[in-house]
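Take a look at the structure set out below.
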Amino acid sequence: MHSPTIETRRRLYQSVLRLRRTEERLAALYRDQEMRTPTHFGVGQEAVAAGVCEALDAQDVVYSHHRCHNHYLARGGSVFALAAELYGRDEGCSRGRGGSVHLTGPDHGFMISSAILGQTIAVATGSALAFKMDGVPRVAVAFFGDAACEEGIFYESLNYAATHGLPVLLVCENNLYSTESPLQVRQPSGTQLCERAAAFKLRAEQVDGNDVFAVHQAASRLLDGVRQGRGPAFLECMTYRWLEHVGPCFDHEMNRSYRSREELEAWMERCPLRRAGDALLAQGAATRDELEAWRVDVDHEVEEAVARAKAGSWPEPESLFDNVY
Amino acid sequence: MHSPTIETRRRLYQSVLRLRRTEERLAALYRDQEMRTPTHFGVGQEAVAAGVCEALDAQDVVYSHHRCHNHYLARGGSVFALAAELYGRDEGCSRGRGGSVHLTGPDHGFMISSAILGQTIAVATGSALAFKMDGVPRVAVAFFGDAACEEGIFYESLNYAATHGLPVLLVCENNLYSTESPLQVRQPSGTQLCERAAAFKLRAEQVDGNDVFAVHQAASRLLDGVRQGRGPAFLECMTYRWLEHVGPCFDHEMNRSYRSREELEAWMERCPLRRAGDALLAQGAATRDELEAWRVDVDHEVEEAVARAKAGSWPEPESLFDNVY
Amino acid sequence: MRNLTYAEALSEGLVQAMEQDPAIFVTGIAVDYSSGIFGTTVEALRRFGPSRVFDAPAMENALTGIAIGAAAMGKRPVVVHPRNDFMFLAFDQLINLAAKWRYMYGGRAGRVPVVVRAVVGKGWGQGATHSQSLHATLAHFPGLKVVLPALPADAKGLTLAALQDDGPVVILEHRSLFGLSGPVPEEPVPTPLGVANVVRAGTDVTVVAASLMVVEALRAAAELEKEGVSVEVVDIRSVRPLDEATILASVRKTGRLLVADTSWELYGVSSEVAALAAERAFADLKGPVRRLALANCPAPVSAPLEAAFYPKASTIATAVLSMLRRTAGPLGGIDPADDFKGPY
Amino acid sequence: MRNLTYAEALSEGLVQAMEQDPAIFVTGIAVDYSSGIFGTTVEALRRFGPSRVFDAPAMENALTGIAIGAAAMGKRPVVVHPRNDFMFLAFDQLINLAAKWRYMYGGRAGRVPVVVRAVVGKGWGQGATHSQSLHATLAHFPGLKVVLPALPADAKGLTLAALQDDGPVVILEHRSLFGLSGPVPEEPVPTPLGVANVVRAGTDVTVVAASLMVVEALRAAAELEKEGVSVEVVDIRSVRPLDEATILASVRKTGRLLVADTSWELYGVSSEVAALAAERAFADLKGPVRRLALANCPAPVSAPLEAAFYPKASTIATAVLSMLRRTAGPLGGIDPADDFKGPY
Ligand SMILES: Cc1ncc(C[n+]2csc(CCOP(=O)(O)OP(=O)(O)O)c2C)c(N)n1
Ligand SMILES: Cc1ncc(C[n+]2csc(CCOP(=O)(O)OP(=O)(O)O)c2C)c(N)n1
Ligand SMILES: [Mg+2]
Ligand SMILES: [Mg+2]
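Chains as they are written, first to last, in UniProt numbering: chain A, 1 to 325; chain B, 1 to 325; chain C, 1 to 344; chain D, 1 to 344.
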């Protein structure tokens, strides 16, 4: 079941590629200090967003947290509207009112991201409640980090979603850190988040979050159950953030020692982009030339988008009071 | 291990008896509308408080929730100070400032009860943190209901207590209802709260909460581990509240139908007081005459205490601003 | 016009709104009990059934987020708190998300028309954690609307308006008012949000009052009339948006302002309205503004302390007389006996 | 006296307090990072080690309860929030329990001397959920003390005082002030809680300001002096208890009051202080009070919107001149360039 077609596999790779190249380019530009908005880059974690979003239907809705660019893009968000938001331009997806952590794109099924840990887990659950009440076959998805699983709202939401059998998929991107705090200072040793979710009667799976095909397969499997009315599911994707918690630099550039360069490099060895590319090549699903051509295409899209974003217009000061109530 | 002595068993019975007779008397007096404070009586649930508190040492501290009289009394609180609090008298344990849900008695190891669900679970965890920091062999205990396990703070506290290996015993009195809501509208079917606690790496046990000897034994066992530095533990005591959620009446007196009279009567068959008495008699640990003499003693204590409480003094209006900061 | 109690009016407003708009549903602790939030959700449950009126576990923060998420999908959730004090647990979702939603996403994420109904307790030993009124606290934050019905007609009218509004609205209902009777139109007539109401015209002093204090002010005004003092009573109704125009017009007319609130003074309604007058109607003020609010301590339980804690009609009347430099006779007689018997 | 930055002063106050009192410990997200809350916990960690300065998971509500429970056992916990906006999640424990603890248990349960340090963000696109200042919201509730150091000396002094106080104290530290230098005594001299500070004497107008607005007000006052206007600047320092005497004395002296706050107007500090003057210094007021606060909307992100959102020195100066019925020349030059580069 769910052995993805070659087309799907190629799309999954392309999605990871697009996320990677966009984030890398944005991170490079961010160093110019012209994007004045605290930004949490998702480099290294692309396979989660790409894998899960490929398994969604158009009418499904996605919610995200502070590290949201990947989810926004994987869900079809435009690089232009994202970059314009980072540049504080009126053309930004949130018209320069939200910044990096407050993205929106309902037209392509990305509802919102929000900066307060755990917030959107409940909100996604609520959208799922609406779907269940209306008897429509839509699914809500929340992406969040391992630290959100320390917030009470996560468990309140699990309990509610399971009690009501809601069509929601909760996707935890476990990148082993909350800012600079490793798991062991935040969770009892031996913790398995899937065990916790299962104790709330959710179907729960852990997956290699750097393997986009594995993520896609696990998400598809869980989503099948969700769509069949079997209630909510939990997917834990083990992954790793390459850059600093907030900002465009590597931790070692900033002389931070909370995690070692060796650890980072070991995880970079497991690069989701390279792994996906190698797999396509090994399976003969794509050629090296195709991969390269795709990269060129994406870079072109990104370059055009960021240039246009930077040339966007500033919001008028008179528009300060738009949309208050 | 922990086969309690006859002396302990007799004390356990006496404790249940004292709680029962006090609550019944207070509930009777409450009908006079002279105790102006919303009160959640604990009739039917006495074995939990009696069993756990008998297993504690003098230097341990107890926290409770809105249904707190049993815990206050089992921890050595005086009937007089409790009754005076209900009557709003200056002699009340909280000087008429707290009411039924806000009791205190630090002198006998009962810190506080509070009316907001889940609040004291965290607070007890914090006292345990202080004990661990000081390296003292004290234990903190929180009593709370099944509904508190729906609040996020419960899980935040479990996670913290287990991460830090804190000496705290969390005691859930699962009486199957939150106000008038049965478990099934609040928790996924098949829920085992112990499974949840275990997923947070707590040692967790479920026990018949109407069997004071079983509660005592389970609490002692878990407390041994807590004292040995094995970290927090969770004890779920299955029990049943006889009276209405708040107030002195039986639900059937008020024509409420959220639970059936049959259900109540089945649980009254499992009366913790009668079961403890029968056990003592069967084991020859007490005679009928002794049981009766104890009852007379307790009734005497209660009668004297409530009379004195009622005759207590009103707080002076000038004392309104005492103890604000 | 027939009379309804405040509780009946709340119920009728809810039912009529639910008839008009199938997207409305009601949830929260105890909404489907036979006692149904002091009777206010009973008829809605009877009429629309458990698919639109259903209980919730005790999980204030997530429940509010769930309501937001449902609202984002086109629903109009009503979240009910039997005591508004429990809402602290939901402040993050309410203030950090619902209130900011429309603005923060540049208007592109739509709106989240969540209505929060929450009951304010008072007296009978409910104590410090069950008798606060969080209206000023909530209304400090742009993006929320916060209303406090005092009269039965507004209990219905503000409920209707809240359920037609596109943004998040908090309705704080005062427990002591649930039994109050008054004329209420049968038709679904919304009370516009953000509009105060001159509930009694007068010329000597303006009393701006919130919630229960409106009723106390009216009682005081009736008594003061006998003393030859003409009091104008303004029911603030909405604390965000605040109807500055109505308040200022009254203050400009009478030249004297007393503000009576159901919460504390510091950073509360009584200070806000006083400041408004001092900034925008200064030239018309004939004397210092006066604020009446809760005693500056947590709510006590014991009856004599409660009596000292809460301002009431006689407190208002005394304050008005002193603003006019008149001494007051014994006014305690105008305060109704406290015969509350529960359920609290 | 040597100069320290606000951040250094916060650190020194904490370290000296911890030296004096072994019951003090510090926890919260990021307190033990090498960046240590903008450097303010680094020295404490170095000196007292991880047993007294330690990280916490993201669990604001329980963590506050845990601090309360530790305090009840004799500890003096310091809970740090990298942004005070996260504290909404902890409001229940802070307001419904810590603030009421001593009162509600009749003084019999002792006290819970929890100190909450929380950083207020501003600008650089931090947006609506990372740049609020919850001081008025918290200070509405009896039982809490809430202070806002503006000058480095008070950053140290209020930290020391908070850590000697027996009740819960919230310290709101403004991110934009962390780099500000000023004289700070070497000795551990507490700044008494509940006492405002006349930081500049003047005769024409009183500006009561909170937190960052004190610095803006001082800048405005310096400029206005050149125009021949003498401004008295009162640093409110403590919003609960509020030092009414110092404020009233200044208003009675100058007869004119402008209040400048770092939060919104409605139910905020600017209204409270204005109301105080209108009630208690009315006879001395020569004209309407004036309030300056955030624009009445959530905080935007885009730079030109941020510029329109925040009042600053030039806004204060312009307002003062208009209170004196003088027109202002171009004053923008007195506002410092925004050269913030993070970490935010
Ligand atoms: C309620 C709340 N507490 C604290 C923070 C500060 N904060 C922002 S991101 C972050 C780390 C989150 O870690 P995780 O959820 O694992 O996501 P990651 O950054 O690793 O992707 C923290 C603590 C916040 N935004 N919200
Ligand atoms: C945060 C919060 N939400 C709601 C309530 C209202 N409330 C008071 S008691 C209660 C039921 C609690 O049930 P449970 O915890 O099982 O204890 P029990 O009453 O059954 O002993 C509820 C919902 C509250 N006190 N606090
Ligand atoms: Mg993480
Ligand atoms: Mg229960």
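Each residue gets a CB set at the ideal place from its N, CA and C atoms; glycine is no exception.
Along the chain, which unbroken stretches of the beta strand (DSSP E) at least 3 residues long are found entirely within the region 110-161 of chain C? 115-120, 145-147
Three-state class that DSSP yields for TYR160 of chain A in the structure shown: helix
Three-state secondary structure (DSSP) at PRO22 of chain C? coil
Count the CB pairs spanning the region 69-78 of chain C and the region 10-30 of chain C that are closer than 8 Å, and state whether there are at least three. yes
Hey, quick one: how far does the alpha helix (DSSP H) through GLY182 of chain C stretch, first residue to last? Where GLY182 of chain C is concerned, there is no enclosing alpha helix (DSSP H), although the beta strand (DSSP E) it sits in stretches over 181-183.
For ALA71 of chain C and TYR6 of chain D, I'd like the C-alpha separation in whole angstroms. 44 Å
Assumed close pair LEU166 of chain B, LEU129 of chain B - CB separation to whole angstroms, cut-off 8 Å: 6 Å
According to DSSP, is ILE334 of chain D helix, strand or coil? helix
With 16 other Cβ atoms within 10 Å as the buried cut-off, status of THR5 of chain A: exposed
Tell me which residues of the region 20-39 of chain C have at least one Cβ-Cβ distance to chain B shorter than 9 Å, keeping chain order. ILE29, ALA30, ASP32, TYR33, SER34, SER35
Starting from LEU156 of chain A, find everything on chain B with Cβ-Cβ shorter than 9 Å and list it in chain order. Per the sequence presented here, residue 156 of chain A reads as Glu, with Leu not at that position. Going along chain B in sequence order, the residues near GLU156 of chain A (Cβ under 9 Å) are GLU150, GLU151, GLY152, TYR155.
If you follow the beta strand (DSSP E) that GLY145 of chain A is part of, which residue opens it and which one closes it? 140-145
Where do the ends of the beta strand (DSSP E) carrying TYR63 of chain B lie? 61-64
Distance check for ARG95 of chain B and ALA110 of chain D, CA to CA, integer angstroms please. Residue identity differs from the one stated: residue 110 of chain D is Gly in this sequence, not Ala. When rounded, the distance between both Cα atoms is 13 Å.
Other residues of its chain near VAL310 of chain B: CB distance less than 7 Å, five sequence neighbours each side excluded: Note on residue identity: the sequence assigns Lys, not Val, to residue 310 of chain B. The residues are TYR87.
Measure the beta-carbon distance from ALA84 of chain A to GLY92 of chain A and round it to whole angstroms, keeping in mind my assumption that it falls under 8 Å. 4 Å
To which residues of the same chain is ASP90 of chain A closer than 7 Å at the C-beta, ignoring the five residues directly before and after it? GLY96, GLY312, SER313, TRP314, PRO315
Quick one, are the C-beta atoms of ALA67 of chain C and THR179 of chain B less than 8 Å apart? no
Kindly list the residues whose CB is nearer than 6 Å to the CB of VAL214 of chain C, restricted to its own chain and excluding five residues on each side of it in sequence; keep chain order. ALA150, ASP235
What's the gap between the Cα of LEU56 of chain B and the Cα of VAL48 of chain A? 49 Å
Is there at least one non-hydrogen atom of ligand 5 closer than 7 Å to the beta-carbon of ILE95 of chain C? Ligand 5 is absent from the structure shown, which contains only ligand 1, ligand 2, ligand 3 and ligand 4.
For the beta strand (DSSP E) containing CYS172 of chain A, list its first residue and its last residue. 168-174
Anything in the region 30-43 of chain A with a Cβ closer than 9 Å to a Cβ of chain C? List those residues in chain order, please. none
Taking the straight line between their C-alpha atoms, what separation do you get for ALA266 of chain A and ASN197 of chain D? 56 Å
Residue burial classification, MET1 of chain D (beta-carbon count within 10 angstroms, cutoff 16): exposed
Quick check on DSSP: helix, strand or coil for ASN197 of chain D? strand
Under a three-way DSSP split, which group does THR8 of chain A fall into? helix
Just reading off the beta strand (DSSP E) that ILE171 of chain D is part of, what are its end residues? 169-174
Check the C-beta distance from ALA99 of chain D over to THR64 of chain D and give it rounded, since I have them as a contact under 8 Å. With a Cβ gap of about 11 Å, ALA99 of chain D and THR64 of chain D do not count as contacting.
Can you name the residues of chain C whose CB is closer than 7 Å to the CB of ILE6 of chain A? In chain order: nothing, as chain C lies at least about 35 Å away.
Since I believe GLU223 of chain C is in contact with ALA317 of chain C (beta carbons under 8 Å), could you give me their beta-carbon distance rounded to a whole number of angstroms? 6 Å
Pick out whichever of B:THR104, B:PHE110, B:GLY152, B:GLY118 has its Cα sitting closest to the Cα of ILE121 of chain A. B:GLY152
Check the C-beta distance from PRO152 of chain C over to LEU4 of chain C and give it rounded, since I have them as a contact under 8 Å. 5 Å
Any heavy atom of ligand 3 within a distance shorter than 7 Å of the CB on TYR33 of chain D? no
Measuring CB to CB, does TRP264 of chain C end up less than 8 Å from ALA293 of chain C? yes
Is the closest heavy atom of ligand 1 to the C-beta of TYR259 of chain A under 7 Å? Looking at the sequence itself, residue 259 of chain A is Arg, so the reference to Tyr does not match. Because no heavy atom of ligand 1 lies under 7 Å away, the Cβ of ARG259 of chain A does not count as near it: no.
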